[in-house]
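Please read the structure below before turning to the comments.
Numbering (our numbering), first residue to last: -11 to 303.
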């Protein structure tokens, strides 16, 4: 299937590339090397004491993660989320959605869900075009129909250590896994698009255009499934795009937890269906981390503490 160096949709270039508000937010949040941390937020997740607050709490509880909040850009999808973001004094940017309502949860694989996923991919590609590297950390949730089995998309991430020390220095595009086979270069790893680190260069800018354009070839697939379908495409190897998969020893999840709390950087609440189940497990996850952090350094090294999650993720 010809997906390659054709002219891409003119729709790929949108207001984000020229919006002075976004330029100001990115510049204000950027690290010295033009890197930002990006998450998205809708009104369903913006309630006080809910998912967004748990996410922020993990940064406060983590090791060398507090300062990273200075570089967090929250892309808000509706006015309720934007107001909540501003109230917390974060770097906030409200994404234009041309009349779409992203306040409520989207059901998995519905047209609304697919539109949201591709809108996000399009937006992240434009951030690369503006010259910024980014760590994308997913926050929003999607509800699953009974007959869908691709449940790994529902990923919410707690940050426990500064992840930059674990990123591969030579990679252009780095992405988490649901299950890691031990080989970071192996394209047979099953990607989890909820966490990725992407450097801005001509290869990644091209790749995001290629990825976004490929939605037309797979109209009923979401962005992560399309990534898995195109990752071995010869055009990508011809572009010499360096893709690396992140080890679950450092970037774990409920599908394959990080077993050593002395190593873990982030934990994904994947493989957990149901909003209440997810919230309860994230609360338990933070409690586990607090127990670990209460230990002395010697106790941490000798500790056999393990996660108490996941629990009751299928009720």
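The beta carbon of each residue, even a glycine, is placed where N, CA and C say it ideally should be.
Sheet register partners of residue i (DSSP bridge)
| i | result |
| --- | --- |
| residue 149 | 51 |
| residue 121 | 23 |
| residue 104 | Bridge partners of residue 104: none, in fact. |
| residue 233 | 163 |
| residue 256 | 145 and 241 |
| residue 61 | 26 and 79 |
Close beta carbons around residue i, own chain, < 6 Å, minus the five adjacent residues each side
| i | result |
| --- | --- |
| residue 235 | 168 |
| residue 92 | Low confidence applies to residue 92: its pLDDT is 46, below 50, so where it sits in the model is not reliable, and the reading given next is rough at best. Once the five neighbours on either side are set aside, the close Cβ partners of residue 92 are 32. |
| residue 260 | 242, 266, 269, 298 and 301 |
| residue 286 | none |
| residue 231 | 161 |
| residue 272 | 296 and 297 |
| residue 245 | 295 |
| residue 276 | 295 and 296 |
| residue 284 | none |
| residue 195 | 229 |
| residue 218 | 202 |
Spatial neighbours of residue i in its chain, beta-carbon cut-off 7 Å, leaving aside the 5 residues before and after
| i | result |
| --- | --- |
| residue 220 | 175 |
| residue 90 | Legend: pLDDT at residue 90 = 46, less than 50; position of this residue unreliable, value from coordinates given subsequently. Hits under 7 Å: 30, 65, 66 and 104. |
| residue 47 | 53, 54, 56, 57 and 147 |
| residue 203 | 106 and 214 |
| residue 19 | 59 |
| residue 135 | Legend: pLDDT at residue 135 = 28, less than 50; position of this residue unreliable, value from coordinates given subsequently. There are no such residues. |
| residue 333 | The structure shown does not extend to residue 333, since the chain is modelled only from -11 through 303, so no value can be given for it. |
Cutoff 8 Å; reference residue i; Cβ partners in own chain excluding five residues on either side
| i | result |
| --- | --- |
| residue 129 | Only weak support exists for where residue 129 lies, its pLDDT of 49 falling under 50; the value from the coordinates is given anyway. These residues qualify, in order along the chain: 32, 33, 39, 93, 142, 144, 263 and 266. |
| residue 178 | 140, 165, 166, 167 and 216 |
| residue 274 | 42, 45, 46, 49 and 146 |
| residue 73 | 29, 34, 62, 64 and 80 |
| residue 76 | 44 |
| residue 21 | 121 |
Range covered by the beta strand (DSSP E) that runs through residue i
| i | result |
| --- | --- |
| residue 157 | No beta strand (DSSP E) contains residue 157, which DSSP labels as neither H nor E. |
| residue 178 | 178 to 186 |
| residue 69 | Element bounds for residue 69: not the beta strand (DSSP E) but the alpha helix (DSSP H), 67 to 75. |
| residue 81 | 79 to 82 |
| residue 162 | 161 to 167 |
| residue 170 | No beta strand (DSSP E) contains residue 170, which DSSP labels as neither H nor E. |
| residue 239 | 239 to 241 |
Cβ-Cβ distance between residue i and residue j below 8 Å
| i | j | result |
| --- | --- | --- |
| residue 125 | residue 200 | no |
| residue 9 | residue 120 | no |
| residue 211 | residue 106 | yes |
| residue 250 | residue 289 | yes |
| residue 301 | residue 269 | yes |
| residue 63 | residue 117 | no |
| residue 228 | residue 191 | yes |
| residue 239 | residue 225 | no |
| residue 127 | residue 23 | no |
| residue 51 | residue 149 | yes |
Continuous alpha helix (DSSP H) stretch holding residue i: start and end
| i | result |
| --- | --- |
| residue 192 | 190 to 201 |
| residue 308 | It is not possible to answer for residue 308, since the shown part of the chain is limited to -11 through 303. |
| residue 223 | 222 to 226 |
| residue 17 | 8 to 17 |
| residue 215 | 211 to 218 |
| residue 274 | 263 to 281 |
| residue 286 | 285 to 290 |
Inter-residue CB distance, residue i and residue j (contact presumed, cutoff 8 Å)
| i | j | result |
| --- | --- | --- |
| residue 155 | residue 162 | 6 Å |
| residue 172 | residue 233 | 5 Å |
| residue 160 | residue 187 | 5 Å |
| residue 13 | residue 79 | 5 Å |
| residue 296 | residue 280 | Not confirmed; about 11 Å, so no contact. |
| residue 256 | residue 189 | About 27 Å separates the two Cβ atoms, so there is no contact after all. |
| residue 247 | residue 209 | 32 Å between Cβ atoms; not a contact. |
Chain C within 8 Å of residue i, Cβ atoms only
| i | result |
| --- | --- |
| residue 290 | This model lacks chain C altogether; it includes just one protein chain. |
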